[in-house]
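A quick write-up on the structure given underneath.
Protein chains: 2
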Amino acid sequence: MHSADPFVAALETWVEAFMRRSMRHFMRYSRESGLSMSQVGALFHIHREENCGVSDLGDNLGVSSAAASQMLERLVQQGLILRSEAPNDRRAKQLVLTEKGRQVVQESIHARQGWLNDLAAMLSAEEKAQVIAALGILLEKINRLEETADSK
Amino acid sequence: MHSADPFVAALETWVEAFMRRSMRHFMRYSRESGLSMSQVGALFHIHREENCGVSDLGDNLGVSSAAASQMLERLVQQGLILRSEAPNDRRAKQLVLTEKGRQVVQESIHARQGWLNDLAAMLSAEEKAQVIAALGILLEKINRLEETADSK
DNA sequence: CTGTATAGTTAAGTGAGCTTAAATATTTAG
DNA sequence: CTAAATATTTAAGCTCACTTAACTATACAG
Chain A
1 MHSADPFVAA
11 LETWVEAFMR
21 RSMRHFMRYS
31 RESGLSMSQV
41 GALFHIHREE
51 NCGVSDLGDN
61 LGVSSAAASQ
71 MLERLVQQGL
81 ILRSEAPNDR
91 RAKQLVLTEK
101 GRQVVQESIH
111 ARQGWLNDLA
121 AMLSAEEKAQ
131 VIAALGILLE
141 KINRLEETAD
151 SK
Chain B
1001 MHSADPFVAA
1011 LETWVEAFMR
1021 RSMRHFMRYS
1031 RESGLSMSQV
1041 GALFHIHREE
1051 NCGVSDLGDN
1061 LGVSSAAASQ
1071 MLERLVQQGL
1081 ILRSEAPNDR
1091 RAKQLVLTEK
1101 GRQVVQESIH
1111 ARQGWLNDLA
1121 AMLSAEEKAQ
1131 VIAALGILLE
1141 KINRLEETAD
1151 SK
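Chains as they are written, first to last, in this note's numbering: chain A, 1 to 152; chain B, 1001 to 1152.
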């Protein structure tokens, strides 16, 4: 089942272990905050892409503008985001997190930090340095991959 | 926003980049196979935990047995899993993937390998060795963390 | 200027995912 | 053996997330 390349195999093993744990925490946090995973995911997107529009979110989620619009309406109803008119195109909206929405994002990040801290506590300083260097390599490459993908 | 600990900060940056990409691929694959993310996730759980029961799945997803049961019914209807009587407890069911269900899991893994291979192509042999060593450290620790969590 | 394209919204419809409650069969504890 | 606990299922009800279609206001192209 795993790839023949030891590197890809190692990554896959890591992905499996990591995704399982991450997803479990994400789902738990979403439910505790009374939101669905989709809604929290949308908040994160709006947080990351300041002043994005309805279609931007729809594209990112791979759904129609209508679906995005209706999801956003529910987030507006819950006071988590605001929709305003875009400055250079009166047809378009700009999405921004409210203070409440920002708090949800912060708390989700904080919840994630909890188990990352647990993980960090198990590594020696030498191990940490090693992992930081390796993650630096991976990050540089994945960012390059995303630049390529984003130009599609 | 990021933790003061450089290690945790590096992990977080990696988490953000990685989760975004992984989730995008996972969502795309789920939709292409006509299943929801929850359904694919359940298939993966059944795949990993051979002969698990309805309540096991519900516990893993953090939902009631009724919710799990109804989701499983939909997977049965689509020919992706089978439910049989557990050998040592006539109240319980054992879940197993059909060939069709196994194929969905395989294809999802294969889709993930695609971008991991893209990533691998960008690293030198030395970089790969470094990353493999670091991931080995992380894996050992995260497995230990899960053993601790599983004993709760 | 006119026709076409675009951004977003609303309505209607459908299916998934969840809850609680009730029920049945089976297992366990005393 | 009896009562309590347990695993699962089904029903009913609700919300979310999605689709397509239709619409309005705005931007763009010729």
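Even for Gly, the Cβ is constructed at its ideal location relative to N, Cα and C.
Since we're looking at a predicted model, the values are computed, not measured.
The straight-line gap separating the alpha-carbon atoms of L138(A) and F26(A) is approximately 23 Å. Ranking D56(A), E50(A), L11(A) by CA distance to the CA of L97(A) puts E50(A) first. Assignment of L1095(B) by DSSP, reduced to helix, strand and coil, places it in the strand class. Within a 10 Å sphere around the beta-carbon of K1100(B) sit fewer than 16 other beta-carbons, which makes this residue exposed. Within the region 135-148 of chain A, the residues whose Cβ lies closer than 8 Å to some Cβ of chain B are L135, G136, I137, L138, L139, K141, I142, N143, R144, L145, E146, listed in chain order. In the three-state scheme derived from DSSP, where H, G and I count as helix and E and B as strand, E1016(B) is classed as helix. Taking a Cβ-Cβ threshold of 9 Å, the residues of chain A close to E1012(B) are I109, R112, Q113, L116, in chain order. Contact between A1009(B) and V131(A) does not hold, since the beta-carbon distance rounds to 12 Å and is not under 8 Å. Interface annotation, A1068(B): not in contact with chain A, CB-CB separation never under 8 Å. At a cut-off of 8 Å between beta-carbon atoms, M71(A) makes no contact with chain B. Nearest Cα to E126(A) within the set K1128(B), E1127(B), F1007(B): F1007(B). Counting along the chain, S84(A) sits inside no alpha helix (DSSP H); it lies in the beta strand (DSSP E) bounded by residues 81-86. At a C-beta separation below 7 Å, P6(A) has these neighbours in chain B: I1132. With respect to chain A, the C-beta atom of A1120(B) has a partner C-beta closer than 8 Å. Annotation for K1093(B): G1053, V1054, R1083, S1084, E1085, A1086 place their beta carbon closer than 8 Å to its own, counting only its chain and skipping 5 residues before and after. Assignment of D5(A) by DSSP, reduced to helix, strand and coil, places it in the coil class. Note on geometry: alpha-carbon atoms of M1019(B) and R91(A) lie some 32 Å from one another.
Cβ atoms of A1111(B) and L1075(B) stay farther apart than 8 Å, at about 19 Å.
Nearest to S1033(B) by alpha-carbon distance, out of H1045(B), S1064(B), Q1106(B), H1002(B), is Q1106(B). Residue environment analysis places A1068(B) among the buried positions, since at least 16 neighbouring C-beta atoms fall within 10 angstroms of its C-beta. Listed along chain B, the residues sitting closer than 7 Å to K128(A) by beta-carbon distance are F1007.
With a beta-carbon spacing of about 11 Å, E12(A) and L1119(B) fall beyond the 8 Å limit used to define contacts.
Sixteen is the threshold: since fewer than 16 other Cβ atoms of the shown chains lie within 10 Å of the Cβ of Q70(A), the residue is exposed.
For the pair R1028(B) and G62(A), the CB atoms are nearer than the 8 Å cut-off.
Runs of the alpha helix (DSSP H) lying entirely within the region 1103-1145 of chain B, each at least 4 residues long, are absent. When 8 Å is used as the limit between beta carbons, R1083(B) is near no residue of chain A, the shortest such separation being about 23 Å. Against chain B, the beta carbon of A42(A) has no neighbour under 8 Å; the closest one sits roughly 12 Å away. In terms of CA proximity to Q1077(B), L1035(B) leads the group A1066(B), L1035(B), H1045(B), N1060(B).
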